[in-house]
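Worksheet for the structure shown next.
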Amino acid sequence: MKSFILLSMSAALLITASCNNSGSTDSVKEAKSENNAMIDSQNAPQAMPPAPMTDSLTKSDANFVVNAADAGMLEVELGNVAQTNGMNQAVKDFGSMMVTDHTAVGEKLKKLAAAKNLAVPETLSDKSQDKKNKMQEKKGKDFDKAYAKAMVDGHKDVISSFEEEAKSGTDADIKAFAADQLPTLHHHLDEAQKMLNKVK
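Using mature numbering (1 follows the signal peptide of the UniProt record, and there is no 0), the letters of the sequence shown correspond one by one to residues -17 to -1, 1 to 183.
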């Protein structure tokens, strides 16, 4: 009887685990979970000494890196779409700039994350993928207007996030990274606003 109960409990645990695993396909959520586990293990009383350059790292810093990586990948993906689905030359040009600039920033972010032993998403989050899918459905003038507005709104959100990290982050290298990108992000916002004015 005891063995039957144990088998039943084991089966239930396996079913629960498989259900949980099937739902965790969001690369951003997975990266955040992995980073949080790493930081928790370093803060545990019996933990080994932290790896180099991670002693001041917090979950907030780690989440910023993951969110920034996701936002940057979305800018690149949408930039590619803009060059094919856009009608106005300003939209195509802005999309090209996004691909060039955010690819370069993405490489810097990957190197920084590697130095901090942080996981970063390799694919878009479910939320970002949904934004890309909706944008891909639009063509011509409809795309131009939707893309320009998304770029203005999106860069405002990203700038807010980078300003917060530059001001309140605890890891000196991640704070410096955030601060270093702000002039470029403000330039992008200015150009996005000009683009929006042209396609209205």
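By construction, the Cβ of each residue, glycine as well, lies at the ideal position given by its N, Cα and C atoms.
Keep in mind it's a predicted model, so treat the numbers as computed, not measured.
Quick check: what's the CA-CA separation for residue i versus residue j?
i      : j      : result
Asn177 : His85  : According to the sequence displayed, residue 177 carries Lys and not Asn. So the two alpha carbons sit approximately 19 Å from each other.
Lys93  : Tyr130 : 26 Å
Gln66  : Asp109 : 23 Å
Glu13  : Lys75  : 33 Å
Lys128 : Glu147 : 29 Å
Ala20  : Lys183 : 47 Å
Leu179 : Val135 : 8 Å
Asp23  : Ser16  : 10 Å
Ser43  : Lys124 : 39 Å
Glu105 : Ser10  : 7 Å
Ala175 : Phe77  : 7 Å
Ser39  : Val88  : 23 Å
Phe160 : Leu172 : 18 Å
Gln72  : Phe126 : 12 Å
Asn50  : Val141 : 9 Å
Ser111 : Ala98  : 26 Å
Gln25  : Asn18  : 11 Å
Asn4   : Val59  : The predicted position of Asn4 is uncertain, since its pLDDT is 41 and thus under 50; no value can be drawn from it.
Asn46  : Lys181 : 35 Å
Ala54  : Gly137 : 9 Å
Asn116 : Ser143 : 25 Å
Gly6   : Lys114 : Because Gly6 carries a pLDDT of 47, less than 50, the predicted location of this residue cannot be relied on, and the following value inherits that uncertainty. Gly6 and Lys114: Cα-Cα distance of roughly 20 Å.
His170 : Ala133 : 16 Å
Under 8 Å between the Cβ atoms of residue i and residue j?
i      : j      : result
Leu61  : Met80  : no
Lys122 : Asn63  : no
Lys139 : Ala149 : no
Thr153 : Thr41  : yes
Ala52  : Val103 : yes
Asp156 : Leu95  : yes
Leu57  : Leu107 : yes
Phe145 : Gln164 : yes
Consult DSSP for residue i and reduce its assignment to one of helix, strand or coil.
i      : result
Ala102 : coil
Glu120 : coil
Leu92  : helix
Asp9   : coil
Ser111 : helix
Lys137 : Reading the sequence as shown, one finds Gly at residue 137 and not Lys. In the structure shown, Gly137 sits in a helix (DSSP, three-state: H, G or I).
Asn19  : helix
Ser39  : coil
Ala26  : The sequence shown places Asn at residue 26, not Ala. Asn26 falls in the helix class under three-state DSSP.
Gly78  : helix
What residue does the alpha helix (DSSP H) around residue i start on, and which one ends it?
i      : result
Gly55  : Lys42 to Asn68
Lys177 : Ala155 to Val182
Quick one: is the Cβ of residue i within less than 7 Å of any heavy atom of the ligand ZN?
i     : result
Glu58 : Summarising the ligand content, the structure contains no ligands, and the ligand ZN is consequently not present.
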